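Protein chains in written order, with the numbering used here: chain R, 313 to 943; chain E, 75 to 601.
Every residue gets a Cβ at the ideal spot worked out from N, C-alpha and C, and that includes glycine.
The structure presented is a predicted model; accordingly, all values stated were derived computationally and were not measured.
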């Protein structure tokens, strides 16, 4: 499936001055080629996404049918020993639910979506779009992938340990996370510690990745690729790179401190006089602050949301102009919007902490910045929406996903507004409303954009189209299931359903007969939605099969592309051979114009690629055909 | 294929790739250390105990500051040497840089080592005692670490191991102690393992526990799947029943029970724990973090239950070299109590004559100092003394106080003074004059005890975390610079500018490492 290097290898000058055909390992496994690394990231991330999805399916069983044993079609994955330890008579225990919940969040965010968006698409597309031969530091790029994989496996390996995997939520709040698995004698082998080790590795990986991306974008742009001629995708990657570069380190600091708390019994995040039922008065010095962890965590945590979002919105921003055959509406406002978004994302973190009692002044400040950040987000989404206006839209598979992205992400964004306000958040905090909100952003929003990206660049990567039929079979059920899964969450959340109930609120039902117990009655009223949501989730899993089949079979059976530029697109990645070889371009690549010159008046076709030299033989037409997109 | 702008800067950005990358990397590092510095501020402002100001010996830190600054200068000279194409100049200066790094790490190592051997105890009334455990009677724990006399002792009569969770190293340690003292640890009852009976009286071994564990896991796995299948069957039939049609899960649930009789023949015997008799009863000791002690029954962290009497487990401090009442005073003032009364009612003053003498001596000294300050600085308009003794001067009796109490202010041998600045008091030298009291603290008075490690308080936690991380950066930087020094010749010969670029990048990192220390030194040593 990987790049067949043979097609474009005449520019293959080795650093050591002698030619050699790289062996299988060097070409596909320990490759330094950004395209292979991108594909490695993509496949690994999708496998992690699948695993994260599975964990969620098990959780949803416990929510919908808390009294019944896990059915065979889900429990066959477990060994008997594992089942004996973490299930009770086949029913999901609270511990197992917590473990799956924490790992679902962690895997989806850190091991799934970020590597897919930034690692896979960023790696494959960015150097191509700026006309570079590779990343600035190819070896660093390879190391970045392997460190990511190691970090991911470290985290997941803890499922098989005596302690099980981390179970203190994906946010890993102390003091809960500082205590969890405390009974394990060798703390290095406790799931909760492994989570931290994995996290430190992942941060290292993203540090290497982001340094590499930013350097590449700054220094390796082709001739004529000025800043305002960069495709929006590249801008988004640049901003994402800065977010990863600057937001992750404080979490690394927090991770290291929590590691010291766990392994060396310090009290960074442990207050004085901590008392637990099992341990009594903790044998700790105390004097630390649990709030400090939350500050450090969310200092990453919020920019992380944009790290998830930007690669996806970047894919959509590439797909829409190509398939509407008109220039992107408000390219510059989008660029400035994404930069402002990046800046603002660093000063909104404490809106995750309204309920911690930081004090009204701090809350008010963060409320203001939070509302402010919706402005650039709305600019991005609006520009994408207006770009559709008056276009002659081609509903290619990629475009279908992009079109669904806009309203779905819109719901996600709008449901976030109430959460920005202190007063409303006090009611909604930690309820399913929050879960519904950010899943709307991440699942039908971000993932849809990334699915679109897969369909869009697949022909470049493999030389074949993905099947349209299978795509419809994937897209429509997924869209429907997503909404049946996440919309009821908003309703349940407003009714007060707490996000960490492992039995979906079942414990309250017995009390619903008591007329004075209003909350139990509310729970009884909305609890049946659980069953519908769970079935939507399981059905959605089923309808991912067409995608998986499509992804692998199209590699061999898909319709072959007619040209190197099958979508008649304008950006530089379509100027490469299909698939691009080592070194990417077969000619001296340069950019002569802005990225989205579709349907230019006077042009002989409805798109004018960036790499096409302006026609010098028609001087009279020159001013009209060369709009100054670069100022 | 060649990546451009490795040797020559790109025209419009004016930089080579590596230069951009190192600045980005440093930006990230600033955020990392920024996270730690912010945490320092947060922890210090929020501390609910007296923050240990100037607790570390300043001299080694100060020397280290100058050593690092010097190395930052020489690394620039080394780079200049390359730019001037003077290989020798590069070599000499780079060697000095790396030598400085080594000095830094050695001094750091000495500082760490002193702390790892210095014991601190916080009593329940917040009195803090510092000193040394008796080294002569040291014992080693299962990992070969010194535990001193800060251990919990129990008279074990019966040991019950958790089959799933026993920690092999601890079992071996118990066996070792048993062999040493001639005790036998034997199985209390017959057990059935893999269909074979292991008889009562079989001796404890890790191999035996392993077999039991495997057997237990197998049985548990088997039983779990039997029970799961049974429960699934129950649900299938319950849902099919006419009277349950349309009912929700929680309504049916109470009627559902696994038919115990039906599955009984399929179940295997689980052995979740294994009891052993110790004959004759054996005195065992454990580091206090590993055991939850009780009068008749104690429990280890790996769920091993020890039946038997808890023995006297005091903390024996030989060479008590500091008594610190500041925390106690803070708590007393919070409650509105007179600090002096609170101190004089503390367990320490009531139970140790030597400590009492030291406290009385300190009170005199403070009174003298107070008078001296009053005489020297006078009072302000409101009649309040302009300068008064600090909390530390009033309520902390440090090792220098003990020395001056014993033999007057020691201005003796400069060599001794300097070495004591680094390593703390020279106990052998001071022992003859009984400078430092000896003290036995009953376990029930102890709230927390340990070495000066991150566990002692958040100040030491952040001190160790930040300086260790900084030390890693020093080592990392020195390794990279060392690589250029010893392996750079080839690069230099092929393209001197290449090596110069790299040294420049390495040098930038080195300056950053220096800069971090320049922030660390004042906040940890001086403030």
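Report back the beta-carbon spacing between residue i and residue j to the nearest angstrom; my notes put them in contact at under 8 Å.
| i | j | result |
| --- | --- | --- |
| residue 487 of chain R | residue 460 of chain R | Contact doesn't hold; Cβ gap of about 29 Å is too wide. |
| residue 605 of chain R | residue 587 of chain R | Not really, about 19 Å apart at Cβ, beyond 8 Å. |
| residue 809 of chain R | residue 904 of chain R | About 57 Å separates the two Cβ atoms, so there is no contact after all. |
| residue 203 of chain E | residue 392 of chain E | With a Cβ gap of about 12 Å, residue 203 of chain E and residue 392 of chain E do not count as contacting. |
| residue 530 of chain R | residue 557 of chain R | Not confirmed; about 13 Å, so no contact. |
| residue 421 of chain R | residue 814 of chain R | Wrong, their Cβ atoms sit about 21 Å apart, outside the cutoff. |
| residue 499 of chain E | residue 473 of chain E | 5 Å |
| residue 741 of chain R | residue 798 of chain R | No, residue 741 of chain R and residue 798 of chain R are not in contact; Cβ-Cβ is about 18 Å, not under 8 Å. |
| residue 619 of chain R | residue 514 of chain R | No, residue 619 of chain R and residue 514 of chain R are not in contact; Cβ-Cβ is about 12 Å, not under 8 Å. |
| residue 436 of chain E | residue 475 of chain E | 6 Å |
Taking all protein chains shown into account, decide if residue i is buried (16 or more other Cβ within 10 angstroms of its Cβ) or exposed.
| i | result |
| --- | --- |
| residue 483 of chain E | Confidence at residue 483 of chain E is low in this model, with a pLDDT of 47, below 50, so its placement is unreliable and the value that follows should be read with caution. That one is exposed. |
| residue 560 of chain E | exposed |
| residue 280 of chain E | exposed |
| residue 632 of chain R | buried |
| residue 594 of chain R | buried |
| residue 874 of chain R | exposed |
| residue 846 of chain R | buried |
| residue 368 of chain R | buried |
| residue 407 of chain E | exposed |
Rounded to whole angstroms, what's the CA-CA distance from residue i to residue j? Just pull it up for me.
| i | j | result |
| --- | --- | --- |
| residue 537 of chain E | residue 554 of chain E | 26 Å |
| residue 817 of chain R | residue 630 of chain R | 43 Å |
| residue 623 of chain R | residue 430 of chain R | 6 Å |
| residue 849 of chain R | residue 389 of chain R | 18 Å |
| residue 210 of chain E | residue 514 of chain E | Because residue 210 of chain E sits at a pLDDT of 48, beneath the cut-off of 50, its placement in the model cannot be relied upon, and the following sentence gives the value as read from the coordinates. Their Cα atoms are separated by approximately 16 Å. |
| residue 767 of chain R | residue 296 of chain E | 46 Å |
| residue 349 of chain R | residue 357 of chain R | 12 Å |
| residue 397 of chain R | residue 331 of chain E | 21 Å |
| residue 189 of chain E | residue 534 of chain E | 10 Å |
| residue 510 of chain R | residue 566 of chain R | 14 Å |
| residue 720 of chain R | residue 770 of chain R | 24 Å |
| residue 496 of chain R | residue 412 of chain R | 20 Å |
| residue 178 of chain E | residue 566 of chain E | 29 Å |
| residue 250 of chain E | residue 267 of chain E | 26 Å |
| residue 468 of chain E | residue 448 of chain E | 15 Å |
| residue 450 of chain R | residue 883 of chain R | 23 Å |
| residue 561 of chain R | residue 328 of chain E | 51 Å |
| residue 186 of chain E | residue 524 of chain E | 15 Å |
| residue 448 of chain R | residue 643 of chain R | 27 Å |
Would you list, in sequence order, the uninterrupted alpha helix (DSSP H) runs of no fewer than 4 residues that lie entirely inside the segment 79 to 121 of chain E? 91 to 120
3-residue-minimum beta strand (DSSP E) runs that sit fully inside the segment 338 to 375 of chain E, ordered along the chain: Fully enclosed beta strand (DSSP E) runs of 3 or longer: 347 to 361 and 371 to 374.
Alpha helix (DSSP H) runs wholly inside the segment 669 to 708 of chain R, at least 4 long, in chain order: With a minimum length of 4 residues, the continuous alpha helix (DSSP H) runs that stay inside the segment 669 to 708 of chain R are 672 to 700.
Counting only runs that start and end within the segment 447 to 495 of chain E, where is the alpha helix (DSSP H) found for 4 or more residues in a row? 465 to 469 and 473 to 481
Is it the case that the segment 398 to 406 of chain E contacts the segment 494 to 507 of chain E, given that we only count it when at least three CB pairs across the two stretches are under 8 Å? no
contact_flag[the segment 351 to 367 of chain E, the segment 258 to 271 of chain E] where n(CB pairs < 8 Å) is 3 or more: yes
Count the C-beta pairs between the segment 223 to 232 of chain E and the segment 419 to 431 of chain E that are closer than 8 Å, then say yes if the count reaches three, no if not. Result no; under three Cβ-Cβ pairs closer than 8 Å.
Could you give the uninterrupted runs of the beta strand (DSSP E) lying entirely in the segment 402 to 430 of chain R, keeping only those of 3 residues or more? none
Indicate whether the contact test is met: 3 or more Cβ pairs, each with one atom in the segment 467 to 483 of chain R and one in the segment 97 to 104 of chain E, closer than 8 Å. With a cut-off of 8 Å, the segment 97 to 104 of chain E and the segment 467 to 483 of chain R do not count as touching, because too few Cβ pairs lie within range.
Pick out the complete beta strand (DSSP E) segments inside the segment 218 to 249 of chain E, 3 residues or longer, and give them in chain order. 225 to 236
Taking three-plus beta-carbon pairs below 8 Å as touching, is the segment 845 to 864 of chain R in contact with the segment 830 to 837 of chain R? no
Does the contact criterion of 3 or more C-beta pairs under 8 Å hold for the segment 162 to 173 of chain E versus the segment 137 to 154 of chain E? yes
Would the segment 471 to 486 of chain R count as touching the segment 595 to 611 of chain R if we require 3 or more Cβ pairs under 8 Å? yes
Can you list, in chain order, the stretches of the beta strand (DSSP E) that have 3 or more residues and sit fully within the segment 746 to 773 of chain R? none
Please go through the segment 560 to 595 of chain R and give each complete beta strand (DSSP E) segment of 3 or more residues, from N-terminal end onward. none
Is the segment 702 to 713 of chain R close to the segment 663 to 683 of chain R, with three or more CB pairs under 8 Å? Here the segment 702 to 713 of chain R makes no contact with the segment 663 to 683 of chain R; the two share fewer than three CB pairs at distances below 8 Å.
Within the segment 773 to 851 of chain R, note down every full alpha helix (DSSP H) run reaching 4 residues or more, in order along the chain. Along the length of the segment 773 to 851 of chain R, whole alpha helix (DSSP H) runs at least 4 residues long occupy 780 to 806 and 830 to 838, reported in chain order.
Any chance the segment 692 to 699 of chain R sits against the segment 643 to 653 of chain R, with 3 or more Cβ pairs inside 8 Å? Between the segment 692 to 699 of chain R and the segment 643 to 653 of chain R there are three or more C-beta pairs closer than 8 Å, enough to call the two in contact.
Any 3 or more C-beta pairs closer than 8 Å across the segment 670 to 678 of chain R and the segment 75 to 83 of chain E: no
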